[in-house]
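A.B. asks:
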Amino acid sequence: MRSAKKDDREALVAMIRGAGLRVTSSRTAVLAALRDTAVPLSHADVAAKLEHLGVDRTTVYRNLIDLAEAGVLRRSDVGHTWRFELASRDDEHEAAQHPHFVCTDCGKVACLPAGTVALKAVRGSPGALRRGNLEIQVRGLCDACT
657 MRSAKKDDRE ALVAMIRGAG LRVTSSRTAV LAALRDTAVP LSHADVAAKL EHLGVDRTTV
717 YRNLIDLAEA GVLRRSDVGH TWRFELASRD DEHEAAQHPH FVCTDCGKVA CLPAGTVALK
777 AVRGSPGALR RGNLEIQVRG LCDACT
């Protein structure tokens, strides 16, 4: 009988190989850190999660950029900080772009469920709206900050 941990690692390895990247322990660790969270993480968040493994901040940054450019991760510009998340997930996350809620006080970022925000292209709308190539962010105060 195979262990769930081995199956998880093999899935991460398949994602990396499928993107045409070399499999390394640090890339696998970066993907695992993002897979194990429900919200997009900043470079600093991922680096802090991997500090105990001895993965340095520069390596984390390079892997985040490489994985985003290869389409394995989605990178969102949230304020002055990039946040990263898996580009597709089997659970509640959608493979397509989805809106994020950003707290203007504490900076917390949360993924919003599909259908929370609906945009309709009308005459004169920018081409990006018609093609769906957008990053949507709703800003306000989260429950903890209100």
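The sequence shown begins at 657 in my numbering and counts up by one. Just so it is clear, CB atoms sit at the ideal spot from N, CA and C, and this is done for glycine as well.
Tell me where the alpha helix (DSSP H) around Arg713 begins and ends.
C.D. replies: For this step, residue 713 is matched to residue 57 along the sequence shown. Element bounds for Arg713: 713-725.
A.B. asks: Helix, strand or coil: how does DSSP classify Thr684 here?
C.D. replies: Translated into positions along the sequence shown, residue 684 becomes position 28. If DSSP states are grouped into helix, strand and coil, Thr684 belongs with the helices.
A.B. asks: Where do the ends of the alpha helix (DSSP H) carrying Leu849 lie?
C.D. replies: Because residue 849 is not part of the residues shown, which for the chain are 657 to 802, the question remains open.
A.B. asks: With distances taken between CB atoms, is the gap from Val686 to Leu723 smaller than 8 angstroms?
C.D. replies: Taking the sequence shown and counting its residues from 1, one reaches residue 686 at position 30. Taking the sequence shown and counting its residues from 1, one reaches residue 723 at position 67. Contact flag set, yes.
A.B. asks: Please go through the same chain and pick out, in chain order, the residues whose beta-carbon is closer than 6 angstroms to the beta-carbon of Tyr717, but skip the five residues on each side of it.
C.D. replies: Taking the first residue of the sequence shown as position 1, residue 717 is located at position 61. Cβ neighbours of Tyr717 beyond the five flanking positions: His699.
A.B. asks: When DSSP labels each residue in this structure, what does His749 get in the three-state scheme?
C.D. replies: Counting from 1 along the sequence shown, the entry for residue 749 is found at position 93. Summary for His749: the model assigns pLDDT 45, below 50, so the residue's position carries little reliability, and this model does not support an answer.
A.B. asks: His749 to Leu690, Cα distance in whole Å?
C.D. replies: Within the sequence shown, residue 749 is the residue found at index 93, counting from 1. Within the sequence shown, residue 690 is the residue found at index 34, counting from 1. Because His749 carries a pLDDT of 45, less than 50, the predicted location of this residue cannot be relied on, and no value is offered for it.
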